[in-house]
Amino acid sequence: MIRALLLMLVITSSVAAKQPQSFTLGMSSATQGPAKDIGLSLGLGAQLYFDRHNRENESFKINLVHLNDGYEPLNTVANTRRLIELYEVDALFGYMGTPTTTAILDLVRKQQVPLLFPYTGAQSFRLSKNEFIIHLRNSYEHEAIAQAKYLKSKGAKNIALLVQADEFGLEAGNSLITAMKGQGLNVTNTARFRRNSTDIESAIKVLFSTPVDAVALVGTYSPVGEFINKAHEQGHSPLYTAMSFTSQASLSSLIKHHSIVMVTEVVADPLTCQQGLCSLFKEDLTQAGVVAPNRLHFEGYLNAYATTKIIDFCQTRSSNLQQCIISYGSRVVRNDPDLTALFKLNEKVGDNVYQVMLN
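Take the position in the sequence shown, starting the count at 1, then add 10; the result is the number in our numbering.
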């Protein structure tokens, strides 16, 4: 009897030892409301890669908890508290937006929970005091420089700005003003609109009160698309540029009239890139029945891939996973040749984003 019990203990211990470790990530983004395309697409792409990882990897599994915040900062704070206190996440992942991410900085800094790959190019998140944030995408400053160079190459001289009235608009708008001046372009007027709204009638009057050659747009796809359509209907046809956060894929479906729109994107086109991750992505999206994969899906997918690489690195090197992610996460990402190429991480400023024409 004793021998049998000992044998059972050995077998039980052996089975337990083979059980993979589980890590939980918390994501807050818009899955409802006027910016939902962004949050849903990023989340879908991420989940597809985590599903692949969990099928194929024996050492650890990833559980992603995704909560809706509607792209509203107060909701993001509540979600973050819930993710940390209730779900006890090992890291936060894929947060969407500058104002929403800004709202949680003090909380996350106090808790020292890593924040992996937020969907924002705000330069303020890259300051040394925010070392707990790990980035993949290049910044709005880089996108702004590329837009200014593009507009100069097209002969534009007078540029107007349409910006969302929050931290996103402030950061990206200031980057655009600096970049335009750096290329010798004149910023004529700036108009602002409220986040999660399409109330841009007054903005059209302000921006076209003086002659302009181009309008640089800072906002989500709904108000930006509304602005372009209504401006055209009122007889205005300038050049347009828009930030990656706007999303070329979501914006293009909203444009009703022929307009010249250039969107700066920070990640490669998944339908034309050649790296191995591109093939895996297309395979997984096809199996999931997604008929129109886009850069949002791809960025979420790559964010998930990068996260598994960081956890794999830290799992075998440190007993403190969170501190290891903060200390070594950026280095792990930069040492991955596929990620470096797909996000143009080693290209010079101005050439390190993709210029995508809508028409």
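Even glycine gets a Cβ: it sits at the ideal position worked out from N, Cα and C.
Model, not experiment: these values are computed from the prediction.
Between Leu126 and Ile321, the alpha-carbon positions lie close to 11 angstroms from each other. Looking at the backbone, the Cα of Asp348 and that of Asp116 are separated by about 33 angstroms. In the DSSP assignment, Met272 is bridged to Thr251 and Met367. Around the beta carbon of Asn304, 16 or more other beta carbons lie within 10 angstroms, which makes this residue buried. Counted as a single uninterrupted DSSP element, the alpha helix (DSSP H) harbouring Ser212 occupies residues Glu211 to Leu217. Counting only runs of 4 or more residues that sit fully inside the segment 267-324, the alpha helix (DSSP H) segments are 286-297, in chain order.
The alpha-carbon separation between Ala56 and Leu50 amounts to approximately 10 angstroms. Put simply, of Leu171, Val276 and Leu287 the residue whose alpha carbon is nearest the alpha carbon of Leu355 is Val276.
Beyond the five residues adjoining it in sequence on each side, Lys240 comes within less than 8 angstroms, by CB distance, of Ile210, Glu211 and Ile214 in the same chain, given in chain order. When the Cα atoms are used, Arg204 and Gln29 turn out to be separated by approximately 50 angstroms. If you look at Phe237, you'll find it isn't in any beta strand (DSSP E); it sits in the alpha helix (DSSP H) that goes Tyr231 to Glu243.
Beta-bridge analysis with DSSP links Ala224 to Ile169 and Leu249. Taking the C-beta atoms as reference points, Asp223 is found no nearer than 8 angstroms to Leu186.
The Cβ atoms of Asn184 and Asn362 do not sit closer than 8 angstroms to each other.
With a cutoff of 8 angstroms on beta-carbon distance, Leu77 and Leu93 are scored as near each other.
Beta-bridge partners assigned by DSSP to Phe103: Leu126. Asn64 sits in a helix when the DSSP states are folded into three classes.
Approximately 6 angstroms separates the beta-carbon atoms of Ser32 and Asn73; this is inside 8 angstroms, confirming the contact. Thr90 is classed as buried because its beta carbon has at least 16 other beta carbons within 10 Å across all chains shown. Judged by DSSP in its simplified three-state form, Ile336 adopts helix.
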